[in-house]
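Colleague:
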Amino acid sequence: MSFSELFLEGLQLMGVGMTIVVAFLILLIGVLRLVAAAVRRWAPEETAPEARPAFPQGAGAVTDRRLTAAITAAVVQYRKRRRT
Amino acid sequence: MSFSELFLEGLQLMGVGMTIVVAFLILLIGVLRLVAAAVRRWAPEETAPEARPAFPQGAGAVTDRRLTAAITAAVVQYRKRRRT
Amino acid sequence: MSFSELFLEGLQLMGVGMTIVVAFLILLIGVLRLVAAAVRRWAPEETAPEARPAFPQGAGAVTDRRLTAAITAAVVQYRKRRRT
Amino acid sequence: MEKLLLLWQSTGLANFTWGQALMIGVGGLLIYLAIAKKFEPLLLLPIGFGAILCNTPVAGIGGPDGMVGMIYHVGIETGIFPLLIFMGVGALTDFGALIARPSTLLLGAAAQFGIFATLLGALTLNLIPGFDFSMADAASIAIIGGADGPTAIFLASRLSPDLLGAIAVAAYSYMALVPLIQPPIMRALTSESERQIKMEQLRHVSKLERILFPFAVLVLCVTLLPSAAPLMGMLMFGNLLRESGVVDRLSRAAQNEIINVVTIMLGLAVGSKLSAEMFLNVQTLGILLLGALAFCIGTATGVIMGKVMCKVTGGKVNPLIGAAGVSAVPMAARVVNKVGLESDHHNFLLMHAMGPNVAGVIGSAVAAGILLALVGGG
Amino acid sequence: MEKLLLLWQSTGLANFTWGQALMIGVGGLLIYLAIAKKFEPLLLLPIGFGAILCNTPVAGIGGPDGMVGMIYHVGIETGIFPLLIFMGVGALTDFGALIARPSTLLLGAAAQFGIFATLLGALTLNLIPGFDFSMADAASIAIIGGADGPTAIFLASRLSPDLLGAIAVAAYSYMALVPLIQPPIMRALTSESERQIKMEQLRHVSKLERILFPFAVLVLCVTLLPSAAPLMGMLMFGNLLRESGVVDRLSRAAQNEIINVVTIMLGLAVGSKLSAEMFLNVQTLGILLLGALAFCIGTATGVIMGKVMCKVTGGKVNPLIGAAGVSAVPMAARVVNKVGLESDHHNFLLMHAMGPNVAGVIGSAVAAGILLALVGGG
Amino acid sequence: MEKLLLLWQSTGLANFTWGQALMIGVGGLLIYLAIAKKFEPLLLLPIGFGAILCNTPVAGIGGPDGMVGMIYHVGIETGIFPLLIFMGVGALTDFGALIARPSTLLLGAAAQFGIFATLLGALTLNLIPGFDFSMADAASIAIIGGADGPTAIFLASRLSPDLLGAIAVAAYSYMALVPLIQPPIMRALTSESERQIKMEQLRHVSKLERILFPFAVLVLCVTLLPSAAPLMGMLMFGNLLRESGVVDRLSRAAQNEIINVVTIMLGLAVGSKLSAEMFLNVQTLGILLLGALAFCIGTATGVIMGKVMCKVTGGKVNPLIGAAGVSAVPMAARVVNKVGLESDHHNFLLMHAMGPNVAGVIGSAVAAGILLALVGGG
Ligand code: NA
Ligand code: NA
Ligand code: NA
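Chains as they are written, first to last, in the UniProt record's numbering: chain X, 1 to 84; chain B, 1 to 84; chain S, 1 to 84; chain G, 1 to 378; chain F, 1 to 378; chain Y, 1 to 378.
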């Protein structure tokens with residue numbers, strides 16, 4: 001390929017490339033604004049549940065307080081026994 | 001290869017090997033002494049700069065105190081907002 | 001293979017499989033009881049030695065108190081020097 | 001213009017198939033369940049993301065030269081990833097409750113009936129046009145009843161790699177659904193008075209017994225069921241790292257670095273098997289159905305064995321703990337505890353359920369070994 | 001004596017070529033810059049050491065049977081190492097500032113002009129005898145302007161592996177030099193009053209928006225530009241691990257274990273491409289020159305777009321933050337902050353510059369996808 | 001019944017060979033030594049477990065398609081695992097004592113005589129029927145005298161992979177036995193007054209000297225002995241990560257994640273070489289014998305060189321520290337300290353012994369390079 005051909009192709013690439021980059025990011029602006037609007041409308045300021053599961057099984061749907069208390073109690077008791 | 005040939009080769013290997021090991025480490029003694037002398041002469045007791053960069057970009061040349069203060073302030077402020 | 005052949009083979013697999021699973025775990029019950037009895041008899045309530053070696057070489061058989069004291073002393077002293 | 005055309009031809013829009021778009025939706029659904037419903041997020045989030053990436057048209061990320069495809073080839077085709085995770089599970093698991101009361105192994109054994117019943121179920125589905133499960137397929141589907149992710153992935157990758165995606169999704173989804181699936185069955189099969197049974201406290205387990213435990217399991221496995229040796233071996237290796245007390249560095253590496261890194265890779269790689277042609281068909285519906293069946297049957301047989309043990313011991317065993325025999329550690333044990341508390345506010349069954357719970361892990365590894373020996377090599 | 005001769009023939013001295021000796025010096029220089037000047041030490045130190053090891057005569061450490069050569073084969077030829085690092089970057093990056101003010105994506109877009117201008121520049125160099133850059137080479141060199149190490153290594157390893165060493169060295173060196181390169185350009189293109197503009201505080205970004213962000217980016221990428229899907233996918237996967245809040249274990253693994261280990265391996269492997277025949281030629285000088293050009297042009301177009309946004313918004317945008325659009329996270333944002341403080345001691349632009357800064361990462365991943373689609377597959 | 005027969009044929013019992021059963025016992029013995037006697041548990045526990053897994057009949061875990069076999073193929077045949085461990089050792093090692101007193105390198109050199117004497121010893125064993133060690137075998141066995149696990153594994157995997165299992169076991173066992181092997185030799189070769197010599201405190205070593213040290217070693221190695229460059233290069237790379245002070249993330253990764261994970265894998269993989277046909281023969285007895293010999297001779301020549309240095313310096317060097325020249329870091333240095341304390345309760349030799357101790361690591365890497373150059377390539 002001669003230099004001028006190559007350069008022309010480069011120019012083309014530049015035009016197409018910058019167009020796509022700008023177009024893609026403008027689209028992304030639009031999407032992000034849509035998301036923000038949707039969140040503001042349908043899920044304003046959710047309070048995060050903050051559950052962080054241990055490995056390998058998740059904490060699951062079971063989250064009533066009594067259970068947590070029970071587990072804690074059982075573990076404490078068991079440990080106490082094991083240490084003796 | 002007969003045993004005596006093999007043993008002779010082993011002997012040779014022993015001689016050459018120990019010579020090289022000793023020569024190499026004696027050379028290293030010399031180099032280390034040179035380095036020590038050079039450091040004593042040209043860079044006596046430098047005080048280490050102690051900069052430990054975060055990932056992925058280094059702390060760079062930018063280290064004036066004002067900046068650090070600014071960053072801290074900005075981060076604190078931003079976090080405060082985010083939590084609200 | 002026709003469905004009935006396949007199903008029959010499946011039935012067979014089920015029978016053999018469950019038998020083995022149960023047999024294996026019953027055997028394991030036996031072995032665990034044997035182990036428990038043996039431990040109770042020959043090594044009742046050992047007090048664990050609790051040695052956790054650093055990498056890459058173990059703490060070894062050398063564990064008299066004097067050594068530990070010596071090492072600590074030496075390290076402290078050396079560190080002090082290095083810092084000055 | 002030529003460049004623009006070339007670019008258009010390289011867009012996703014110009015190349016999307018309906019199947020890919022749907023599977024990206026499935027990936028999104030899995031991630032939604034993982035984040036919003038806390039369905040086994042450690043696995044389902046990477047699996048869902050892997051599904052999205054691997055159904056991206058043109059990019060070929062799940063193909064032989066794509067990143068995820070290569071990870072699959074290295075980690076799952078070889079079986080190494082599930083085995084490494086099993087090592088980590090071993091290093092994370094306290095078998096003390098099982099050692100203290102070995103008889104709970106019977107509960108772990110009984111619950112494996114879910115596996116073999118499901119195998120028959122899968123074969124029976126072949127009567128319906130559209131289903132054509134081979135014996136290997138049926139075995140892979142059945143192992144969902146083991147309620148053990150790594151075991152299921154290991155077996156399926158050996159016997160029916162094409163079904164791996166659906167099987168992994170079913171296995172982890174039902175594990176997350178254990179708190180919904182199990183309680184009705186447990187209540188139906190037990191009486192109020194049975195559920196109120198209090199059990200004796202577990203005896204103390206010495207350090208030596210903990211160290212000998214992996215060897216006890218291993219010796220049986222090596223001599224009687226070598227086809228289970230890779231799974232059981234790595235599980236017990238991890239446990240020995242934990243209990244030996246002399247290699248804390250390695251134990252921590254198995255419990256953290258290795259299991260975390262491998263989980264990310266394994267999840268993405270399993271996601272690559274969620275392609276439209278392999279997932280969007282009637283067989284997947286069958287697998288989901290059979291998976292639910294497997295969990296139900298396993299729970300039921302576990303509880304029934306619990307009732308038997310209750311009878312035999314003269315009421316010393318609360319039959320509820322049999323439900324924990326399906327494994328799904330530690331979820332199933334927690335469910336037992338919860339159902340028990342409904343009948344007696346002061347009856348904490350958690351520790352008693354841990355025995356059958358970890359017994360279920362061993363039980364399904366044994367079952368996997370049997371299936372490998374009889375179906376895989378056969 | 002025969003043994004001694006054999007040994008002499010196996011010494012480095014008897015086998016050194018001038019090129020190897022020089023390249024060992026280059027490796028040493030990189031390590032010096034890394035340690036004494038803090039030039040991106042996390043990458044340049046391993047790269048420099050890799051160069052020393054791989055230019056050791058006889059040992060063949062960078063060859064197909066040598067350790068570093070095998071690491072290159074497994075990690076860079078496949079593209080897996082830069083992708084894993086990108087996952088870690090995603091897990092380490094807070095996109096909050098960008099989500100709060102999406103318009104800063106325009107700055108990240110404008111700064112990518114440095115990439116495409118450099119592509120033309122590389123082609124133009126072909127007019128000088130001694131240069132013979134193909135379109136693929138030009139594209140690989142141009143991506144230096146993206147100011148993003150993993151993106152540059154990923155693209156160069158796909159399009160021009162022979163230039164990889166020089167490109168990686170240039171990319172990381174110029175990123176380290178951002179505090180020297182950018183300020184003069186920023187000052188030249190803006191007026192004192194523009195530099196004093198204070199910007200509104202960023203709005204609060206909710207957890208849900210943070211979780212939806214990776215999907216927003218991913219959906220666009222998958223549908224429109226699948227060739228960017230590997231890079232963007234792993235970046236967004238890492239970010240989702242971070243923001244989902246349910247897989248902290250995996251997020252930590254991506255941010256620490258994986259990125260640290262891979263950085264060591266990647267650095268050594270990139271160093272293996274610093275061989276005399278590939279590095280000690282006039283093309284490398286061209287690459288270094290073009291790299292500097294790319295950073296300058298990217299900075300300038302970013303600032304110019306900042307001025308446009310300043311006009312359009314009636315003075316609500318400080319044009320300086322446009323310079324952060326080249327990425328080089330977080331260095332470029334810090335430079336913006338510093339230059340801003342010179343004009344007004346109370347004007348902290350750091351948080352406002354983080355938006356365009358992370359937008360630049362996305363922008364150059366998009367640009368890389370375009371170059372792959374049009375040059376790589378073309 | 002057919003199924004049952006198939007199952008019986010797949011049991012271990014039906015397929016056990018005597019050799020496998022015995023090797024499982026050997027594996028158990030290694031684990032016993034690791035746990036109960038604290039014999040290098042970080043290596044011997046995984047090696048022992050690997051031996052058990054790989055001697056399980058039918059399963060083929062150590063074979064080309066088995067997990068451990070694949071790990072061996074990827075990590076040991078390539079030499080990558082021992083090199084990565086050496087990098088970690090470098091990152092964990094403080095060479096300060098050696099930099100402060102470079103003359104202790106002579107002690108590290110003298111102790112390597114154990115290696116070459118053992119080489120002759122291995123060749124001499126060929127006179128006894130049943131032994132047939134090639135020069136490569138002899139070199140691999142001799143390196144046990146280096147008292148350095150990764151070096152021994154690296155060299156043996158290159159020269160005599162068949163002997164790797166026995167060599168690794170011997171190397172780590174004798175390292176664990178250093179507190180029993182060395183003291184009698186040290187006492188026999190020194191007088192009470194020599195053992196009481198107090199040494200001058202070590203001078204302060206600056207940060208710059210610590211940073212330059214890896215380069216000093218590397219330059220010599222690259223120019224004179226490139227065959228030692230992989231080992232020495234990775235050792236010094238790790239040390240540079242540690243001492244440079246600018247890449248703490250990477251240094252920590254080398255000291256923890258990498259070395260821990262690789263140790264697990266390396267141990268299992270080495271265990272796969274403990275098969276009956278390779279281990280249960282008279283050669284292994286020879287290797288164990290020669291390994292003990294190597295440690296004894298190395299200790300002796302180290303102490304003798306210590307006596308020479310004591311003479312030359314007019315009594316400023318305590319000859320005991322020569323025994324630390326065999327490496328076995330930090331065990332040998334502790335032994336020196338202990339023996340010294342027996343003669344004078346206030347004479348702490350530990351820090352003085354660290355110099356020859358780490359010099360021994362360098363010394364045996366040099367010796368390995370020589371053996372590779374003369375035997376491997378020859
Ligand atoms: Na189970
Ligand atoms: Na960029
Ligand atoms: Na040594």
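Ideal placement from N, C-alpha and C gives every residue a C-beta, glycine not left out.
1) Could you work out which residue in Y:Ile76, Y:Ala100, Y:Asp132, Y:Thr223 is closest to Ala165 (chain Y) when comparing CA atoms only?
2) Under 6 Å Cβ to Cβ from Ala117 (chain F), same chain only, skipping five residues before and after it: list those, please.
3) Below 7 Å, is the gap between the Cβ of Gly302 (chain G) and the nearest heavy atom of ligand 1?
4) With distances taken between CB atoms, is the gap from Leu218 (chain G) to Ile143 (chain Y) smaller than 8 Å?
5) Do we get a CB-CB distance below 8 Å when we pair Gly378 (chain Y) with the residues of chain G?
6) My parser needs the alpha helix (DSSP H) runs of 4 or more residues fully inside the stretch 21-85 of chain G; what are they?
7) In the DSSP assignment, the alpha helix (DSSP H) including Ile29 (chain X) goes from what residue to what residue?
8) Beta-carbon distances below 6 Å to any heavy atom of ligand 3 define the shell here; list its residues in chain order, please.
9) In the DSSP assignment, find the alpha helix (DSSP H) that holds Val361 (chain G) and state where it starts and stops.
10) Could you tell me which of F:Val270, F:Thr124, F:Ser173, F:Val74 sits nearest to Ala5 (chain X), measuring between CA atoms?
11) Tell me whether Phe49 (chain Y) is buried or exposed, calling it buried when 16 or more other Cβ atoms sit within 10 Å of its Cβ.
12) Taking only beta-carbon atoms, is Leu6 (chain Y) less than 8 Å away from chain G?
13) Cα-Cα, which of Y:Ser251, Y:Ile264, Y:Leu29 is closest to Gly238 (chain G)?
14) Using a Cβ-Cβ cut-off of less than 7 Å, list which residues of the stretch 128-160 of chain Y approach chain B; keep chain order.
15) From the beta carbon of Phe116 (chain Y), is the nearest beta carbon of chain B less than 8 Å away?
16) Please confirm whether Leu107 (chain F) and Ile321 (chain F) have their CB atoms less than 8 Å apart.
17) Please confirm if Ile61 (chain G) has its CB atom under 8 Å from at least one CB of chain S.
18) List, from N- to C-terminal side, the alpha helix (DSSP H) runs of 4 residues or more that fit wholly inside the stretch 135-178 of chain F.
19) Looking at the C-beta of Leu30 (chain F), does it have a partner C-beta in chain Y at a distance below 8 Å?
20) If you reduce the DSSP assignment to three classes, tell me which class Leu13 (chain F) lands in.
21) Is the distance from the Cβ of His352 (chain Y) to the Cβ of Met199 (chain Y) below 8 Å?
22) Distance cutoff 8 Å, beta carbons only. Does Thr263 (chain F) sit that close to anything in chain Y?
23) Could you say which of G:Ala269, G:Asp94, G:Gln201, G:Ala168 lies nearest to residue 384 (chain G) if we only look at CA atoms?
24) Are the beta-carbon atoms belonging to Ile29 (chain B) and Leu220 (chain Y) less than 8 Å from one another?
25) Please compile the residues from chain F whose C-beta is within a distance smaller than 7 Å of the C-beta of Phe237 (chain Y).
26) If you drop the 5 nearest sequence neighbours on each side, which residues of the same chain put their C-beta closer than 6 Å to that of Leu266 (chain G)?
27) Three Cβ pairs or more, each shorter than 8 Å: is that satisfied between the stretch 320-337 of chain F and the stretch 167-184 of chain F?
28) Can you have a look at Phe213 (chain F) and say buried or exposed, based on whether 16 or more other CB atoms are within 10 angstroms of its CB?
29) Measuring alpha carbon to alpha carbon, tell me which of G:Leu5, G:Ser103, G:Ala170 ends up nearest Leu274 (chain G).
30) Would you decide whether Val312 (chain G) is buried or exposed? Buried here means 16 or more other CB atoms lie within 10 Å of its CB.
31) If you count every other CB in all the chains shown that lies within 10 Å of the CB of Thr47 (chain X), and 16 or more means buried, which is it?
32) Are there three or more Cβ pairs, one per stretch, closer than 8 Å when the stretch 84-96 of chain F is compared with the stretch 57-73 of chain F?
33) By the three-class DSSP mapping on this structure, what secondary structure does Met236 (chain G) have?
34) Whose C-beta lies closer than 7 Å to the C-beta of Asn126 (chain G) among residues of the same chain, with five residues either side of it excluded?
35) Quick one, which of B:Phe3, B:Ser2, B:Val16 has its alpha-carbon nearest Val375 (chain Y)'s?
36) Consider the Cβ of Pro226 (chain F): report whether some Cβ of chain X lies at a distance smaller than 8 Å.
Modeller: To lay it out plainly:
1) It is worth fixing the name first, because residue 165 (chain Y) is Gly in this sequence and not Ala. Closest by alpha carbon: Y:Ile76.
2) Ile297
3) no
4) no
5) Residue placement at Gly378 (chain Y) cannot be trusted, given a pLDDT of 43 that sits under 50; what the coordinates show is reported in the next sentence. So, not an interface residue.
6) 41-54, 67-75
7) 3-42
8) Y:Gly146, Y:Ala147, Y:Asp148, Y:Val326, Y:Ser327, Y:Gly360, Y:Val361, Y:Gly363, Y:Ser364
9) 350-371
10) Sequence inspection shows Glu at residue 5 (chain X); the Ala mentioned does not correspond to that position. Of the listed residues, the one whose Cα sits closest to Glu5 (chain X) is F:Thr124.
11) buried
12) yes
13) Y:Ile264
14) Met135, Ala138
15) yes
16) yes
17) no
18) 135-142, 149-159
19) no
20) coil
21) yes
22) yes
23) The shown model of chain G, from 1 to 378, leaves out residue 384 (chain G), and the question about it has no answer.
24) no
25) Phe49
26) Phe81
27) yes
28) buried
29) G:Ala170
30) exposed
31) Residue confidence is low: Thr47 (chain X) scores 48 on pLDDT, short of 50, so the model does not pin down where it sits. Its coordinate-derived value is still stated next. Thr47 (chain X) should be labelled exposed.
32) no
33) helix
34) Asp132, Phe133
35) B:Val16
36) no
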